[in-house]
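Colleague: Residue numbers (this note's numbering): 1 to 350. Quick reminder that beta carbons are idealized off the backbone N, C-alpha and C, glycines included. On a predicted model such as this, the values are computed, not experimentally measured, just so you know. Can you read through this structure? Questions will come right after.
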Amino acid sequence: MAQGRVSVGILGASGYTGGELVRLLAAHPGTEVAFLGARDSVGKTMAESHPHLAGAGGLASAVLEPIEDVAGRAEVVFSALPHGASAALAPGLVERGALVIDLAGDFRLAASAYPEWYGFDHPAPEWLDKAVYGLPELFGEQVAGARLVANPGCYATAAILGLAPLVAAGLVDAGSIRVDGKTGTSGAGRGAMDPTTYSATEDSVRPYRVPRHQHTPEMERGIELATGVPTSVLFVPHLVPAVRGVLTTSYASAAAGATTGSLTECLAGAYSGRPFVRVLAPGAMADTKRVRGTNVVELQAVADPRTGTAVVVAAVDNLVKGAAGQAIQNMNVAPGLDETVALPTLGMYP
Ligand SMILES: NC(=O)c1ccc[n+]([C@@H]2O[C@H](COP(=O)([O-])OP(=O)(O)OC[C@H]3O[C@@H](n4cnc5c(N)ncnc54)[C@H](OP(=O)(O)O)[C@@H]3O)[C@@H](O)[C@H]2O)c1
């Protein structure tokens, strides 16, 4: 390990979020990527797996290894595996002293929710209470000092950041929340096949997994954890013909007298000084394209007095603030470092 640098392991380095972790960590001055794990891609170099990372110096020629070999090789382990794959693996790594940040949903919910929403019985339920929900803007104090971090889902990140301050302030009715989500095809991962091919997606917008998407209980739990107020969320996700980007449009009954100005002020106050939250002025519209490649969430609030509805729109890059960027933010926060290290805030446009 290079002097003074934290050794990092990435499980699922051949996937989309794993590749994004490597891209961002290549510019992190406090870390050294010491282990890259995969399954079918074992034996390939990182550049063979991700040709866009061919310029990443020694990282480009690093060879992918079986994920089990990570034990004892890294002080921080990012698990970017499919749901269910890290639930049994992470506790052993934490016990050996690693900080584990799980990008899947394996530590985000209570044990009783797993059969219904993820389709498996959790193999390590005693670890669920020890995991910290890694949304640093809301749970930064808990993330500091954490050993096991449940990195939030992309839709959940956007919806919770937009709604929690409004629920906490009593500006919306927490029992009336409806979330409409849009995602590009990269949200389904590199291995996704038919429904996300160009042929199936181009010129098409369609809902999926209604009303059973696994981010539904995560949104309810995250808002309640942040505010103490129980919520009921109906969530309808859609696949749109884009590659990156998640946009959530959340609707809830507004408190009497709530205006676009008061909703916007509430969000701006809650996130004052937070480097990755951009609250838009009244009238400006959130846009996934502006946050592409960045760790930024754009938030936009609107009150519609005619229908008594509050609308809050949130845009993130699903692979950055919705996954790898937020995971690195958690890695920075856990030991009390500057949360912004290696995380872009300037987008590419157009
Ligand atoms: N994509 C997103 O926008 C996004 C956002 C937030 C969270 N997440 C979550 O992050 C995780 C990774 O997502 P992704 O989009 O990066 O997926 P992905 O592109 O499909 O990559 C999955 C990775 O896991 C490896 N893998 C697959 N099955 C495995 C198994 N049984 N055991 C060990 N390794 C296995 C793959 O290795 P090989 O290719 O070598 O087989 C690959 O490196 C998922 O849990 C996902 O829900 C994704």
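Nearer than 7 Å: is that true of the beta carbon of Asp40 relative to any heavy atom of ligand 1?
Modeller: Yes, ligand 1 has a heavy atom inside 7 Å of this Cβ.
Colleague: Is the beta carbon of His122 within less than 7 Å of some heavy atom of ligand 1?
Modeller: The answer is no for His122.
Colleague: Start and end of the alpha helix (DSSP H) containing Val143?
Modeller: Start and end: Pro136 to Val143.
Colleague: Taking only runs that begin and end inside the stretch 160-191, name each unbroken beta strand (DSSP E) of 3 or more residues, in chain order.
Modeller: Qualifying beta strand (DSSP E) stretches, in chain order: 177-183.
Colleague: So the candidates are Pro350, Gly347 and Ala334; which of them puts its Cα closest to the Cα of Glu137?
Modeller: Comparing Cα-Cα distances from Glu137 to each of Pro350, Gly347 and Ala334, the minimum goes to Ala334.
Colleague: Identify every run of the beta strand (DSSP E) within the stretch 207-253, keeping only runs that are complete inside it and at least 3 residues long; order them along the chain.
Modeller: As far as the stretch 207-253 is concerned, its whole beta strand (DSSP E) runs of at least 3 residues are 233-239 and 246-253.
Colleague: Can you have a look at Val70 and say buried or exposed, based on whether 16 or more other CB atoms are within 10 angstroms of its CB?
Modeller: Classification for Val70: buried.
Colleague: Looking at Gly261 and Asp317, is the spacing between their C-beta atoms short of 8 Å?
Modeller: Against a cut-off of 8 Å, the Cβ pair of Gly261 and Asp317 comes out as no contact.
Colleague: By the 10 Å Cβ neighbour count, where 16 or more other Cβ atoms means buried, how is Phe120 classified, buried or exposed?
Modeller: So Phe120 ends up on the exposed side.
Colleague: Regarding Ile67 and ligand 1, is the C-beta to nearest heavy atom distance less than 7 Å?
Modeller: Yes; taking the cut-off as 7 Å, the Cβ of Ile67 has a heavy atom of ligand 1 nearer than that.
Colleague: Under 6 Å Cβ to Cβ from Thr264, same chain only, skipping five residues before and after it: list those, please.
Modeller: Excluding sequence neighbours, Thr264 sits near Pro282 and Ala301.
Colleague: When you compare the CB positions of Ala104 and Ala88, do they come within less than 8 Å of one another, or not?
Modeller: No, the pair does not count as a contact, with Cβ atoms beyond the cut-off.
Colleague: For the beta strand (DSSP E) containing Gly37, name the first residue and the last one.
Modeller: Segment Thr31 to Ala38, the beta strand (DSSP E) holding Gly37.
Colleague: By Cβ distance, which residues of its chain are closer than 8 Å to Met1, with the 5 residues on each side in sequence left out?
Modeller: A caution first: Met1 carries a pLDDT of 44, below 50, which makes its placement in the model unreliable, though a value can still be read off. So the list reads Ser7, Glu32 and Ala34, once near-sequence residues are dropped.
Colleague: Let me check you understand the geometry: is the CB of Leu135 closer than 7 Å to at least one non-hydrogen atom of ligand 1?
Modeller: Checking every heavy atom of ligand 1 against the Cβ of Leu135, none is found closer than 7 Å.
Colleague: Ligand 1 heavy atoms versus the CB of Leu81: any closer than 7 Å?
Modeller: It does: the Cβ of Leu81 is within 7 Å (strictly closer) of some heavy atom of ligand 1.
Colleague: Kindly indicate which residue of Pro123, Leu81, Gly153 and Glu68 has the alpha-carbon position closest to the one of Ser108.
Modeller: Ser is not the amino acid found at residue 108; the sequence shown has Arg there. It is Gly153 whose Cα lies nearest to the Cα of Arg108.
Colleague: What I want to know is whether the C-beta of Thr17 ends up closer than 7 Å to one or more non-hydrogen atoms of ligand 1.
Modeller: Thr17: yes, Cβ under 7 Å from ligand 1.
Colleague: Is it buried or exposed, Tyr114, if we count other Cβ atoms within 10 angstroms and call 16 or more buried?
Modeller: Label assigned to Tyr114: buried.
Colleague: Take Val42 as the anchor and find which of Gly55, Ala54, Ala27 and Glu68 has the nearest alpha-carbon.
Modeller: When each option's Cα is compared against that of Val42, the closest is Glu68.
Colleague: According to the neighbour-count rule (16 or more other Cβ atoms, all chains shown, within 10 Å of its Cβ), is Ile10 buried or exposed?
Modeller: The residue in question, Ile10, is buried, as its Cβ has 16 or more Cβ neighbours within 10 Å.
Colleague: Over the uninterrupted beta strand (DSSP E) stretch that includes Arg278, give me the two end residues.
Modeller: Run containing Arg278: Val277 to Val279, per the beta strand (DSSP E) assignment.
Colleague: Do you know offhand how far Pro230's Cα is from Val312's?
Modeller: Distance between the alpha carbons of Pro230 and Val312 is about 19 Å.
Colleague: Is any heavy atom of ligand 3 found at a distance shorter than 7 Å from the C-beta of Arg23?
Modeller: In the structure on display, ligand 3 does not appear, and the ligands it does have are ligand 1.
Colleague: Can we count Ala87 as close to ligand 1, meaning its CB is less than 7 Å from some heavy atom?
Modeller: The answer is no for Ala87.
Colleague: Given the structure, does Ala270 come close to ligand 1, in the sense that its CB is under 7 Å from one of the ligand's heavy atoms?
Modeller: Because no heavy atom of ligand 1 lies under 7 Å away, the Cβ of Ala270 does not count as near it: no.
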